[in-house]
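For what it's worth, full-length UniProt numbering labels the leading residue of the sequence shown as 1, then goes sequentially.
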Amino acid sequence: MERVKKWMLFGLISLMAVLAACSNEIEDPLNWEIESFNYMNQNEEMVSLDDLKGKVWMADFVFTNCETVCPPMTYNMTKLNEALVEEGVEDVQFVSFSVDPTVDTPDKIKDFMANYDLAKADWQFLTGYSQEEIEAFAQQNFKALVRKPSEGTQVDHGTSFYLVDQDGKIIKVYPGFQDVPLEDIVNDIKILQES
């Protein structure tokens, strides 16, 4: 009986060690490469992929006069930043790509950003490219839909959040509009920063 208890204890310790090791890796990373870019932010400064190298960042695709999903997505990104601050996680970059670049001037973007506490974080809201360019960039790099219909003011686009590692690779995609897994994202960011 004593031998059985020892084997059970050994098995339990081994299982715990395996589970602890697994929690330090991101499950099924995507490892999608992002092509080089150099776009203008809200301060009319150029931001490139190289500028973001060495940082973990969260990306999304939104626009300033969005009447549906963008305000909740930006609110959710703000909540993610709050969760990171609560956990003591620093040096996370937030990057929003405008899907309506002809409308989203730096001044308009700054007005939009002023409505969110995320503006106090390290948040780059990028524009300064053509509509065709952002549609192709989103599809080719993020596997994301961006399409501006010929009529109306709204742009069709995905609602995901993207976790990008220090090398500029997309590691994970999460829902950004509803049921955002904030705890999972925070844990994944911690794993990347510790690796």
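Each residue gets a CB set at the ideal place from its N, CA and C atoms; glycine is no exception.
Computed from a prediction, not measured in an experiment: that's the story for all the values here.
Among residues of its own chain, excluding the 5 on either side of residue i, which ones have a beta-carbon nearer than 6 Å to its beta-carbon?
i: residue 173; result: 160, 162
i: residue 192; result: 56, 165
i: residue 29; result: 171
i: residue 180; result: 76
i: residue 155; result: 63, 99, 100, 148
i: residue 32; result: 170
i: residue 128; result: 39, 40
Tell me which same chain residues have a C-beta within less than 7 Å of the C-beta of residue i, skipping the five on either side of it?
i: residue 21; result: Bear in mind that a pLDDT of 42 at residue 21, under 50, signals an unreliable position, so the model cannot answer this.
i: residue 117; result: 78
i: residue 38; result: 46, 48
i: residue 54; result: 166
i: residue 87; result: 186
Residue i and residue j: beta carbons closer than 9 Å?
i: residue 64; j: residue 120; result: no
i: residue 95; j: residue 123; result: yes
i: residue 112; j: residue 61; result: no
i: residue 134; j: residue 106; result: no
i: residue 44; j: residue 141; result: no
i: residue 194; j: residue 83; result: no
i: residue 58; j: residue 185; result: yes
i: residue 52; j: residue 93; result: yes
Identify the continuous alpha helix (DSSP H) that holds residue i and give its terminal residues.
i: residue 81; result: 70-86
What are the boundary residues of the beta strand (DSSP E) that includes residue i?
i: residue 51; result: No beta strand (DSSP E) holds residue 51; the alpha helix (DSSP H) holding it covers 49-52.
i: residue 93; result: 92-98
i: residue 28; result: Segment: none, residue 28 is in no beta strand (DSSP E) and carries neither H nor E.
i: residue 61; result: 56-62
i: residue 38; result: 38-40
Please return the same chain residues whose Cβ sits closer than 8 Å to the Cβ of residue i, not counting the five positions on each side in sequence.
i: residue 138; result: 61, 97, 99, 144, 145, 146, 157, 158
i: residue 176; result: 60, 73, 76, 77, 159, 160, 161
i: residue 81; result: 92, 94, 117, 118, 121
With a cut-off of 8 Å on the beta carbons, I'd call residue i and residue j a contact; round off their distance for me.
i: residue 26; j: residue 167; result: That pair is no contact at about 13 Å.
i: residue 190; j: residue 89; result: 6 Å
i: residue 178; j: residue 110; result: In fact, because the Cβ distance is near 27 Å, the residues do not count as touching under 8 Å.
* If you scan the segment 104-184 from start to end, which runs of the alpha helix (DSSP H) of 4 or more residues do you find wholly inside it? -> Counting only runs of 4 or more, we get 106-113, 131-142.
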